[in-house]
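Chains as they are written, first to last, in UniProt numbering: chain L, 1 to 352; chain S, 1 to 352.
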């Protein structure tokens with residue numbers, strides 16, 4: 001651990017391996033079995049490594065509370081049923097989201113090798129974290145990966161005035177022979193975490209991010225916290241978000257809209273759902289096409305104006321920037337709020 | 001056919017059945033077999049019925065030229081190969097897009113009944129038209145439908161200055177027991193047809209729709225026509241569009257980026273691709289969940305402010321508005337530009 005960087009909001013630099021070890025210790029002390037703790041810790045570290053603190057160690061205190069309250073259960077295997085040759089239904093039995101999801105992804109990757117395409121739908125399981133690590137690993141395993149998960153209702157419908165839809169992200173991983181293309185995008189204009197951060201600093205938010213509790217567009221971050229996030233991209237982003245809500249809920253048997261609970265709170269069992277689809281490049285004989293995909297993406301990368309500072313090119317392919325940030329954080333350490341890290345270390349020492 | 005409506009741009013009202021019959025006559029006169037002509041005509045009529053003239057009879061003159069030039073071939077069956085139990089590869093052999101796609105969709109709907117999930121990828125086939133009618137019919141057949149197709153490069157990457165990505169739409173149909181949810185959205189901010197219409201009328205376009213040939217944001221419609229459409233929703237819309245480009249090209253063996261041709265022009269064979277995925281509600285035993293989906297969507301529909309004129313509610317579910325427009329056009333006739341309809345009738349008489 002290095003000294004905090006200077007600045008208004010002090011951060012410390014923690015190596016990924018140190019962060020992982022501390023999270024594992026905290027989870028095990030709270031009752032997790034070691035194998036579960038390792039998978040959950042890995043996913044939180046990935047969030048911080050990729051520069052998405054909202055999916056990083058910041059979530060650990062809530063996970064610990066949920067574990068202590070029996071809302072997350074460790075050491076219990078999920079129930080798997082192949083309801084059709086290409087379709088796996090999973091009851092996560094309140095397991096850690098990443099533990100249940102990683103196992104399901106492994107099973108559909110395997111099944112896609114014989115079926116060509118396979119689908120897993122998951123219910124009764126914890127928050128999966130970012131979708132990027134899943135679809136990236138599917139891409140690296142030679143499969144196209146498609147993933148979605150739904151969240152608590154935080155986004156208002158287009159033309160609507162209150163939160164009715166989750167921030168429902170869509171993840172797509174496409175193999176290229178080299179680094180896969182990795183899409184991971186929320187259908188909200190912004191995360192609630194970012195709005196809360198603005199409110200805490202007393203800063204205004206841009207118009208278009210959110211509405212207040214009366215459904216009016218607002219630049220007041222505090223008013224937005226008690227209102228709703230706007231969908232990204234207007235009517236289209238809303239349409240995509242609600243389509244994913246219906247699709248995931250139908251496949252997984254999750255709740256919908258304001259009945260979705262148990263990823264952000266410390267009192268409700270998880271009622272959201274997750275879906276993962278794998279399509280095997282090898283089973284379909286598509287390997288000869290990979291170089292054309294890679295070549296196209298390189299042409300796109302080279303198609304922008306050079307950045308004025310000679311640094312990062314202006315055009316990137318989904319996954320590029322997260323990969324660059326991740327590599328830098330692996331070298332230089334992960335920046336974590338000093339206050340948060342102190343809290344985590346106190347958790348580790350059993351004094352919180 | 002009723003007299004033209006008054007206004008700057010005169011339109012005529014044509015019944016859907018009259019429009020369909022005229023299009024069929026034109027296609028048959030240009031060499032199409034009757035069964036192919038019927039399917040292609042149906043899809044153009046659906047475009048006009050749903051209020052998307054850019055996918056309506058406006059496209060007929062190009063289809064006729066492509067047919068005469070041998071770039072569309074009628075009366076030849078596509079080649080179908082199940083490369084895995086859940087994956088169908090289709091060589092359209094230059095058939096009409098809707099003819100090849102409808103057959104492929106029927107095959108994956110059927111296969112999904114035993115496999116749970118099935119995928120079709122199509123190459124060497126004409127423009128499919130809107131995705132909505134396909135995913136809607138999949139939803140009505142008790143399957144979740146997911147569809148995408150790629151187009152000529154018309155959209156610039158986020159941060160980029162020239163067109164490198166298609167307007168690549170995403171379609172999702174979700175059964176509800178009643179009318180399915182139907183998402184059909186382009187990943188471009190607007191269609192090139194709309195920009196061309198503005199240019200023809202000498203009207204400015206809103207900032208954010210497009211860039212000029214130097215990659216600068218522009219409100220000059222004529223400059224935008226020789227530039228590139230912007231992605232919808234900024235970086236996220238771009239990321240979704242390029243992910244679909246890579247996914248469709250890998251699965252179908254289509255071309256990519258500026259090598260995609262043959263849907264808008266009259267000289268190139270079709271080099272784009274299409275993908276359809278069907279997931280069977282019945283095979284997976286999901287029917288008991290349909291009422292919850294329908295109930296949620298009804299709550300969302302009722303969650304907005306009442307429209308000020310007491311008319312259409314402010315919040316709708318994807319597919320609602322197109323369905324309303326379609327029903328009105330079925331009753332009142334389809335509005336078609338009078339000039340265009342005259343041109344179509346001349347085509348029918350063999351004098352164009």
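Even glycine gets a Cβ: it sits at the ideal position worked out from N, Cα and C.
The structure presented is a predicted model; accordingly, all values stated were derived computationally and were not measured.
Here DSSP, grouped into helix, strand and coil, assigns residue 130(S) to coil. Residue environment: residue 291(L) is assigned as exposed (fewer than 16 neighbouring CB atoms within 10 Å of its CB, all protein chains considered). At least one beta carbon of chain S lies nearer than 8 Å to the beta carbon of residue 297(L). With a contact defined as Cβ atoms closer than 8 Å, residue 108(S) and residue 125(S) miss out at about 15 Å. When the beta-carbon positions are compared, residue 249(S) and residue 293(L) come within less than 8 Å of each other. Residue nearest to residue 98(L) within the set 84(L), 85(L), 88(L), 123(L) is 123(L) (criterion: CA-CA distance). Nearest to residue 266(L) by alpha-carbon distance, out of 127(L), 280(L), 336(L), is 127(L).
Counting of Cβ neighbours within 10 angstroms places residue 35(S) among the exposed residues, the total staying below 16. With 16 or more other Cβ atoms from the protein chains shown falling within 10 Å of its own Cβ, residue 256(L) counts as buried.
Segment contact: the region 50-67 of chain L against the region 139-148 of chain L, fewer than three CB-CB distances shorter than 8 Å; contact not assigned. With a threshold of 8 Å between beta carbons, residue 83(S) makes contact with chain L. Straight-line spacing of the CA atoms in residue 28(L) and residue 37(L) works out to 6 Å.
Rounded to whole angstroms, the gap between the alpha carbons of residue 135(L) and residue 340(S) is 47 Å. Not one beta carbon of chain S lies nearer than 8 Å to the beta carbon of residue 269(L).
Partner residues in the beta bridge of residue 155(L), as assigned by DSSP, are 165(L), 229(L). Counting every other CB atom within 10 Å of its CB across the protein chains shown gives residue 164(S) a total of 16 or more, marking it as buried. Look at the beta carbons and you see the region 231-242 of chain L touching the region 234-243 of chain S: at least three pairs across the two are nearer than 8 Å.
Taking a Cβ-Cβ threshold of 8 Å, none of the residues of chain S is close to residue 40(L); the smallest such distance is about 27 Å. Of the residues assessed, residue 214(S) falls on the exposed side of the cut-off, its CB having fewer than 16 other CB atoms within 10 angstroms.
Within the same chain, Cβ atoms closer than 7 Å to the Cβ of residue 193(S) are found at 54, the five residues on either side in sequence being excluded. Any Cβ of chain S closer than 8 Å to the Cβ of residue 144(L) would place that residue at the interface, and such an atom is present. Any Cβ of chain S closer than 8 Å to the Cβ of residue 236(L) would place that residue at the interface, and such an atom is present. With at least 16 other beta carbons inside 10 angstroms of its own, residue 67(S) counts as buried. When CB distances to chain S are screened at a threshold of 7 Å, not a single residue of the region 16-34 of chain L falls below it.
In the three-state scheme derived from DSSP, where H, G and I count as helix and E and B as strand, residue 106(L) is classed as helix. Ranking 87(S), 80(S), 178(S), 116(S) by CA distance to the CA of residue 81(L) puts 116(S) first. In the DSSP assignment, residue 23(S) falls within the unbroken alpha helix (DSSP H) covering 16-29.
Counted as a single uninterrupted DSSP element, the beta strand (DSSP E) harbouring residue 91(L) occupies residues 87-95. Under the three-state reduction of DSSP, residue 175(L) is assigned to coil, being neither helix nor strand.
Along the region 156-182 of chain L, the positions whose C-beta sits under 8 Å from a C-beta of chain S are 157, 158, 159, 160, 161, 162, 164, 165, 170, 172, 174, 175, 176, 181, read in chain order. Contact annotation: residue 333(L) and residue 15(L) have beta-carbon atoms nearer than 8 Å.
In the three-state reduction of the DSSP assignment, residue 66(L) falls in the helix class, which pools H, G and I. Separation of the CB atoms of residue 131(S) and residue 184(S) is rounded to 5 Å, and the pair is thereby assigned contact status at 8 Å.
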